[in-house]
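Below you'll find the structure, written out as structure tokens, and then a few comments.
There are 2 protein chains.
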Amino acid sequence: MTTRQTPDEPATGPFPVQRLQRATLNDEVYHELRRAIMSGAIEPGSTMTIRGLAASFGISLMPVRQALNRLVAEHVLMLLPNRSVALPRIDAGRFREITRIRVALEGLAAEEAVAQVDAAAIARMEAANAAIEAGAAPGEALALNREFHFTLYAASAMPTLVAMIETTWLQVGPLLHVPIRKVMDGATPRSLPEHRRVIAGLRAGDAALVRDAIRADLEDAAVDIAATLD
Amino acid sequence: MTTRQTPDEPATGPFPVQRLQRATLNDEVYHELRRAIMSGAIEPGSTMTIRGLAASFGISLMPVRQALNRLVAEHVLMLLPNRSVALPRIDAGRFREITRIRVALEGLAAEEAVAQVDAAAIARMEAANAAIEAGAAPGEALALNREFHFTLYAASAMPTLVAMIETTWLQVGPLLHVPIRKVMDGATPRSLPEHRRVIAGLRAGDAALVRDAIRADLEDAAVDIAATLD
DNA sequence: TCACCAGCCATGGTATGCCATATCGCTCAC
DNA sequence: GTGAGCGATATGGCATACCATGGCTGGTGA
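Which chain is which? The protein sequence lines are P and R, in order.
According to our numbering, the first sequence is numbered sequentially starting from 120.
According to our numbering, the second sequence is numbered sequentially starting from 120.
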């Protein structure tokens, strides 16, 4: 099964080491492409070839093909008529659509999380938000924002929902990078009132408030991003 | 590229025949598995092997592997620890979760459809509903119900949303078949008041009414299905 | 008779090779 | 000079082959 165990570092014995890398090449390629997309390394609209990627990774075509298929199935990549794959160029209409979907899904997760969130999760969210407001670098702010949101969503204990939300984040991922950088670069570290409302709502156990704060947070960000689209 | 053109039937010349089967084996397997799942032909909890399916289809392992990967990516199939795939056994908790997701997504699509639906679509929905109420066979009723709902959702002009809804239907597909049969077999053809409310709401342009009718329709059905779970 | 071990078989992952197609460029004819 | 046709190359899909792993089974020894 080629579990790709321990490419280096000789076996350290029965010690509890946690280096379970990635199981299959397929998975590795998949996650690497995900990372590249979320980090803005891939230009929207650009196409990629199986052979090209396989050569870059130094592996055969099969794992790459499977990883691409998986991303196409998630609507993160797009199948061209010639069966090549491309990172879709997101127009304003599609962005609006995905934003509405995100409001519905993330609102549901947020609402549900209120009843089940624990103090540790709230603390992590508050720490992430504080780091953003303290003026993290743009890339880091994105990661912190992601942690803020997904800590909340994970508290919903709805794994299928969380997975669907992750997919939607991937779909708009190419947009997040550049515009957010533009938005945050010039601005002084600004407070994120909606994030603070989320935390306040969690503490108060007010599901409607948390849902609305998430909605407002998404829509606020969407306004900035949409402004860069047309 | 192996476009698999015209396995039989000699070229009929420039006549406009519409027999563009399926493009790739991958796709063919994918859709066949989808059909099998939605029709209840695959037992929830049962596992399947790549080689077994490939032998059944009379093709090689690669297209089967890709189709399975795609279904796993859509959370329709499930990856076992030994990397085999299985049709998940849906427990009550997961069913409740998916139902809530469906209410959120399908409610959004329904609401959005109100502003854009045309008379032809409403007519198709009414016809489908009438056929159900007239006492269609169980399997046919499922297909008609599906047509009713997706005609509505397609009117939303939100293709990404519709695709996500289709995925959720696939995820609960194994449950729909048997229970619905049980529910509908004994019962005399009953009217579907929520479907009628949907149509009335569409005619009246009342988005809130349509959304609520869809919510009620889904939750009504969910009660029947959940009753068969534990 | 039971437990344990070894070898086989089933199965998944990956690499390679071949075929079909699409695309691009070049050449030749008009 | 331009357009049409042809060929080379790039590219995707599929089949086959090989390897690694995990589970199962049968045999052997206590």
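Backbone N, C-alpha and C define an ideal beta-carbon position, used for all residues, glycine too.
is_contact[residue i, chain R] using C-beta, thresh 7 Å
| i | result |
| --- | --- |
| L227(P) | yes |
| L280(P) | yes |
| E193(P) | yes |
| N264(P) | no |
| M277(P) | yes |
| G320(P) | no |
| I333(P) | no |
| E338(P) | no |
Cβ-based neighbour list, residue i, same chain, cut-off 7 Å, excluding 5 preceding and 5 following
| i | result |
| --- | --- |
| L196(R) | L187, L190, V204, A205, L206 |
| G164(P) | A205, L206, R208 |
| A332(P) | E313, R316, V317, G320 |
| A173(R) | S179, L180, V183 |
| I220(R) | T287 |
| R153(P) | L289 |
| L198(R) | V191, V204 |
| A255(P) | L263 |
| D339(P) | E313 |
Minimum Cβ-Cβ distance from residue i to chain P less than 7 Å
| i | result |
| --- | --- |
| T218(R) | no |
| A341(R) | no |
| Q185(R) | yes |
| A247(R) | no |
| A273(R) | no |
| R221(R) | no |
| R189(R) | yes |
| T307(R) | In this prediction, T307(R) has a pLDDT of 49, which is less than 50 and means its spatial position is unreliable; what the coordinates show is noted afterwards. With 7 Å as the cut-off, T307(R) does not count as an interface residue toward chain P. |
From the options, residue whose alpha carbon lies closest to that of residue i
| i | options | result |
| --- | --- | --- |
| N145(P) | S179(P), E245(P), A240(P), V317(P) | S179(P) |
| Y149(R) | L337(P), A192(P), R215(P), P293(P) | A192(P) |
| T279(R) | L321(P), G212(P), L263(P) | G212(P) |
| G159(P) | I169(P), A340(P), L261(P) | L261(P) |
| P293(R) | A174(R), M157(R), R153(R) | M157(R) |
| N201(R) | Q185(R), A173(R), F176(R), I169(R) | I169(R) |
| H296(R) | R322(R), E338(R), N264(R), A335(R) | N264(R) |
| M277(R) | L152(R), Q235(R), G171(R) | Q235(R) |
| A72(R) | A273(R), A282(R), G177(R), E151(R) | Coverage of chain R is limited to positions 120 through 349, which leaves residue 72(R) absent and any answer about it impossible. |
| F176(P) | L199(P), Q185(P), L198(P), E151(P) | E151(P) |
| S322(P) | F267(P), D237(P), D339(P) | Note that residue 322(P) is Arg in the sequence shown, not Ser. Nearest C-alpha to R322(P): D237(P). |
| L271(R) | E338(R), R330(R), G171(R) | R330(R) |
Cβ shell of residue i (< 6 Å), same chain only, five flanking positions each side left out
| i | result |
| --- | --- |
| I161(P) | A155, L206 |
| V291(P) | I217 |
| S275(P) | A228, E231, A232 |
| P182(R) | L144, N145, V148 |
| T166(R) | S203, A205 |
| F269(R) | none |
| R334(R) | V222, G226 |
| Q185(P) | N145 |
Residues near residue i by beta carbon distance below 8 Å, same chain, minus five either side
| i | result |
| --- | --- |
| I318(P) | I241, M244, E245, N248 |
| T286(R) | E193, H194, V195 |
| F119(R) | Only positions 120 to 349 of chain R appear in this structure, which leaves residue 119(R) out of reach. |
| D336(R) | L311, E313, H314, V317 |
| V281(P) | A228, F269, Y272, A273, S275 |
At a cut of 8 Å, does the segment 217-228 of chain P reach the segment 247-262 of chain P through at least three beta carbon pairs? No, because fewer than three Cβ pairs between the segment 217-228 of chain P and the segment 247-262 of chain P fall closer than 8 Å, the two stretches do not touch.
Using a Cβ distance threshold of 8 Å, determine whether the segment 227-238 of chain P contacts the segment 312-327 of chain P, with at least three qualifying pairs required. yes
Segments of 3+ residues assigned as beta strand (DSSP E) that fall wholly inside the segment 232-256 of chain P: none
Whole alpha helix (DSSP H) runs in the segment 135-220 of chain R with 4 or more residues, listed along the chain? Counting whole runs of 4 or more residues, the segment 135-220 of chain R contains the alpha helix (DSSP H) stretches 144-157, 169-176, 180-192.
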